[in-house]
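Numbered per full-length UniProt numbering, the sequence shown spans residues 1 to 100.
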Amino acid sequence: MQSALCSSQTAFVRPTVAAKPQQRAARAARPVVCSAVKKEQVAAGVTAAAVAVLANPLAAEAAATPSLNNLIGSVVAGGLVLAAIAGAISAVSNFDSIRR
Numbered sequence: 001m002q003s004a005l006c007s008s009q010t011a012f013v014r015p016t017v018a019a020k021p022q023q024r025a026a027r028a029a030r031p032v033v034c035s036a037v038k039k040e041q042v043a044a045g046v047t048a049a050a051v052a053v054l055a056n057p058l059a060a061e062a063a064a065t066p067s068l069n070n071l072i073g074s075v076v077a078g079g080l081v082l083a084a085i086a087g088a089i090s091a092v093s094n095f096d097s098i099r100r
């Protein structure tokens with residue numbers, strides 16, 4: 001226990017030696033790629049991934065479970081309700097406009 005304490009005390013008391021600064025090599029110039037080219041490459045990659053997923057025979061033969069059918073039906077019904085509400089608000093606002 002005493003030796004561990006002594007070694008930690010000497011390490012604590014002894015100042016650390018600063019490393020000599022080294023000169024860094026200059027970075028090689030990287031070619032600048034136009035952002036439009038990058039966007040086209042990303043779009044091509046996403047398209048290729050989508051085609052690969054859709055071409056997968058397992059995805060083509062995926063069975064629609066009853067719970068999935070219920071979820072899809074609920075989403076469609078909710079969309080129809082929201083569309084009806086938006087249509088009603090639009091019709092009422094056009095019919096009964098307030099002129100100030």
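Think of the CB as a built atom: it goes at the ideal place given N, C-alpha and C, for glycine as much as any other residue. Small disclaimer: the values here were computed from a predicted structure and weren't measured.
May I ask you to report which of helix, strand or coil DSSP gives residue i?
| i | result |
| --- | --- |
| N56 | coil |
| V72 | First, the residue type needs correcting, since residue 72 is Ile and not Val in the sequence shown. Here I72 sits in helix by DSSP. |
| A64 | coil |
| S97 | coil |
| Q41 | helix |
From residue i to residue j, what distance separates their C-alpha atoms?
| i | j | result |
| --- | --- | --- |
| G87 | L58 | 40 Å |
| A55 | Q41 | 21 Å |
| N69 | A63 | 10 Å |
| S93 | V81 | 18 Å |
| I85 | A91 | 10 Å |
| A43 | V76 | 29 Å |
| I72 | K38 | 36 Å |
| S35 | A49 | 21 Å |
| P66 | T47 | 30 Å |
Is residue i near the ligand ATP, judged by its Cβ being under 7 Å from some heavy atom?
| i | result |
| --- | --- |
| G87 | By its list of ligands, the structure shown contains no ligand whatsoever, and the ligand ATP lies outside what it can speak to. |
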